[in-house]
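What follows is the structure, encoded as structure tokens:
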């Protein structure tokens with residue numbers, strides 16, 4: 001099927017570019033609450049499923065043993081901007097396990113956020129693995145392995161116990177069979193598995209409702225989701241969409257982006273979760289889409305709904321600050 | 336009509352994202368040589384039409400009066416990376432007209448290219464208008480105005496003589512009627528006009544063939560196109576697609592990108608020009624598309640065709656340098 005246009009990018013009075021996509025909203029039972037486009041298509045969740053990948057850190061008892069609070073758990077589920085507080089906390093997590101950044105297998109990159117990159121360029125020769133947006137997730141893997149008495153070396157590979165455990169967790173949460181056939185390699189070198197979009201949404205709905213989960217997993221899931229909602233800065237960073245979405249409705253919205261236009265989100269009080277993908281992989285469109293879909297679950301004219309609607313209709317300004325157009329998720333805002 | 340998928344972005348063995356688009360290839364008479372998608376749809380050419388916008392600089396006699404060679408003309412048709420050589424040459428152009436950067440109305444921004452941005456962050460407090468990717472084009476506007484005895488102040492506005500002249504030039508080249516109805520504001524604050532994609536291609540085919548143009552315009556057009564092909568670094572910069580495309584076949588390929596997934600190109604010896612747009616505005620897809628379409632006009636297994644095909648099938652590597660996928664314009668490479 002051809003996915004519908006969900007976001008228009010306008011210039012003056014005309015549409016300049018269009019973004020297609022698919023959206024699945026489900027409850028804890030997996031019942032479809034809302035959908036658009038081909039939700040049975042498989043998508044790589046990329047970083048949008050980091051909260052699932054953080055479960056071994058909690059379920060193994062490592063998080064308790066190392067005294068991790070909300071900030072550490074949020075960072076373990078983060079795609080952070082590499083701001084000093086992010087890198088420092090990732091290093092502190094590794095130190096609790098008696099390790100340092102040399103154990104990290106994620107590679108290094110400059111921040112994707114221009115203001116952070118400029119500060120990095122002025123303050124360091126080059127970024128380290130601690131500045132990689134995935135360093136918190138990798139620190140979580142290392143901590144889970146070390147606490148369990150497993151050698152963390154090679155923790156990013158398909159056959160390492162930590163990745164095998166994550167594969168099993170993601171199979172049970174999403175209902176999809178995962179293996180080499182639907183496996184790709186993520187930017188940070190760990191496996192990423194293509195799963196049906198609807199199953200991805202169901203996985204997050206299970207995490208926020210606990211429906212069908214063993215008590216220990218239900219508790220660990222909510223602990224991670226709640227930690228992200230409590231410390232949204234550590235999930236992304238200054239000015240970032242995930243952080244802003246969770247700040248709009250503190251404790252009421254969970255949101256996590258993934259590369260190539262994926263976004264997962266949940267409204268725990270409504271018992272629903274959202275998974276969406278912009279067909280072409282555009283972050284700007286996925287951000288507008290998720291804000292628009294979330295806005296449907298908040299009452300009209302509330303600050304939450306107003307804030308979400310504003311993110312779903314973002315003005316574009318040029319280098320002189322002139323308003324030249326907008327990124328507009330109009331198709332999703334209609335109630 | 337629904338535009339076809341022209342570029343796949345793969346991860347492992349699976350397609351992760353898809354880019355749709357439209358492509359028009361025409362000759363000097365405007366006859367269609369090749370097309371895909373809705374080529375009658377209007378698109379904002381954005382920076383892809385800078386060679387057209389540089390015509391007043393040459394036709395007014397300003398370029399000769401100020402002694403501009405290929406580098407200056409290439410810069411006047413450039414979206415450059417803000418490297419020191421670009422900013423220095425833009426300043427030199429303005430100095431020939433007795434002006435400096437304070438006359439520029441384009442606004443300032445950091446380089447879009449990470450290595451350049453890092454050097455800028457380390458060497459300057461903030462970028463100036465000379466570092467704006469459009470500074471050469473704006474310097475050309477200022478020089479054309481000054482040489483003609485027109486006050487350059489307000490040269491970026493719709494009603495200034497320089498923009499009115501450009502509007503007329505673009506109407507005659509593309510065959511489209513331009514006015515407030517199809518006008519938007521570009522990133523650098525000048526008007527940009529939505530024109531049918533096919534007309535945009537025809538405009539460039541006219542420029543490279545001279546078909547239907549007055550002798551003075553035909554000569555000025557080829558002078559600008561030839562200058563870009565002779566000095567590809569000044570059209571874009573280190574590692575950039577326009578520069579690489581023109582370096583693959585020196586003097587045989589003209590190529591110019593525009594924001595939001597537009598690309599214009601020409602193969603003068605074949606008498607054809609290309610205009611294309613990625614529906615969603617993605618640069619990575621437009622670059623793969625234009626390389627693939629250009630490859631169709633070069634003999635199989637030549638260095639030119641091999642180089643273009645490689646750009647149309649770009650490998651994606653992660654932070655550890657692992658090959659994780661590709662940007663693949665397969666639908667356009669089939670002969």
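Protein chains in written order, with the numbering used here: chain A, 1 to 335; chain B, 336 to 670. C-beta: ideal position from N, C-alpha, C; glycine also. Since this is a predicted model, take the numbers as computed values, not measurements.
{"Check": "Interface residues of the stretch 589 to 612 of chain B facing chain A [CB-CB below 7 Å]", "Outcome": "595 and 596"}
{"Check": "Residue-level contact to chain B via CB, residue 22 (chain A), 8 Å cutoff", "Outcome": "no"}
{"Check": "Residue interval of the alpha helix (DSSP H) (run including residue 92 (chain A))", "Outcome": "84 to 96"}
{"Check": "Chain-ordered chain A contacts of residue 292 (chain B) [CB-CB under 8 Å]", "Outcome": "Any question about residue 292 (chain B) goes unanswered here, given that chain B covers just 336 to 670."}
{"Check": "Below-8 Å beta-carbon distance, residue 118 (chain A) vs any chain B residue", "Outcome": "yes"}
{"Check": "Pair within 8 Å by beta-carbon distance, residue 55 (chain A) and residue 72 (chain A)", "Outcome": "no"}
{"Check": "Residue 240 (chain A) versus residue 605 (chain B) - alpha carbon distance", "Outcome": "48 Å"}
{"Check": "Delimiting residues of the beta strand (DSSP E) encompassing residue 22 (chain A)", "Outcome": "14 to 27"}
{"Check": "Within chain B, the residues that residue 17 (chain A) reaches when beta carbons sit closer than 7 Å", "Outcome": "595, 596, 614, 615 and 616"}
{"Check": "4-residue-minimum alpha helix (DSSP H) runs that sit fully inside the stretch 514 to 545 of chain B, ordered along the chain", "Outcome": "532 to 544"}
{"Check": "Test item: CB-CB of residue 613 (chain B) and residue 356 (chain B) under 8 Å", "Outcome": "yes"}
{"Check": "Beta-carbon proximity list for residue 388 (chain B), same chain, < 7 Å, skipping 5 on both sides", "Outcome": "472 and 501"}
{"Check": "Proximity test, Cβ basis, 8 Å: residue 25 (chain A) and chain B", "Outcome": "no"}
{"Check": "Sheet register partners of residue 379 (chain B) (DSSP bridge)", "Outcome": "For residue 379 (chain B), which the question treats as bridged, DSSP gives no partner whatsoever."}
{"Check": "Residue 618 (chain B) - containing alpha helix (DSSP H), residue span", "Outcome": "618 to 630"}
{"Check": "Assigned exposure category for residue 337 (chain A) - 16 Cβ within 10 Å defines buried", "Outcome": "Nothing in the structure corresponds to residue 337 (chain A), since chain A is present only between 1 and 335."}
{"Check": "Neighbour-count burial assignment, residue 93 (chain A), 16 or more Cβ in a 10 Å radius", "Outcome": "buried"}
{"Check": "Presumed contact (8 Å Cβ cut-off) between residue 411 (chain B) and residue 475 (chain B), rounded CB distance", "Outcome": "3 Å"}
{"Check": "Beta-carbon spacing of residue 627 (chain B), residue 598 (chain B) below 8 Å", "Outcome": "no"}
{"Check": "Within 8 Å, strictly: CB atoms of residue 477 (chain B) and residue 432 (chain B)", "Outcome": "yes"}
{"Check": "Reference residue 679 (chain B), options B:361, B:493 and B:449, closest by Cα", "Outcome": "The structure shown has nothing for residue 679 (chain B), since chain B only spans 336 to 670."}
{"Check": "Distance between beta carbons of residue 610 (chain B) and residue 662 (chain B), contact taken as under 8 Å", "Outcome": "Not quite, the Cβ-Cβ distance comes to about 20 Å (not below 8 Å), so this is no contact."}
{"Check": "Backbone secondary structure at residue 2 (chain A) - three-state DSSP", "Outcome": "coil"}
{"Check": "Short CB-CB distance (under 8 Å) between residue 320 (chain A) and chain B", "Outcome": "yes"}
{"Check": "Test: residue 182 (chain A) CB closer than 8 Å to a CB of chain B", "Outcome": "yes"}
{"Check": "Cutoff 8 Å: residue 520 (chain B) Cβ touching any chain A Cβ", "Outcome": "yes"}
{"Check": "Contacting positions in the stretch 155 to 175 of chain A - beta carbon closer than 7 Å to chain B", "Outcome": "none"}
{"Check": "DSSP bridge partner residues for residue 593 (chain B) (one or two, in chain order)", "Outcome": "B:597"}
{"Check": "Chain-order list of residues whose beta-carbon lies under 6 Å from that of residue 435 (chain B) (same chain, five-residue window excluded)", "Outcome": "429"}
{"Check": "Assigned exposure category for residue 216 (chain A) - 16 Cβ within 10 Å defines buried", "Outcome": "exposed"}
{"Check": "Proximal chain E residues relative to residue 188 (chain A), where beta-carbon distance stays under 9 Å", "Outcome": "No chain E is present in this structure, whose protein chains are A and B."}
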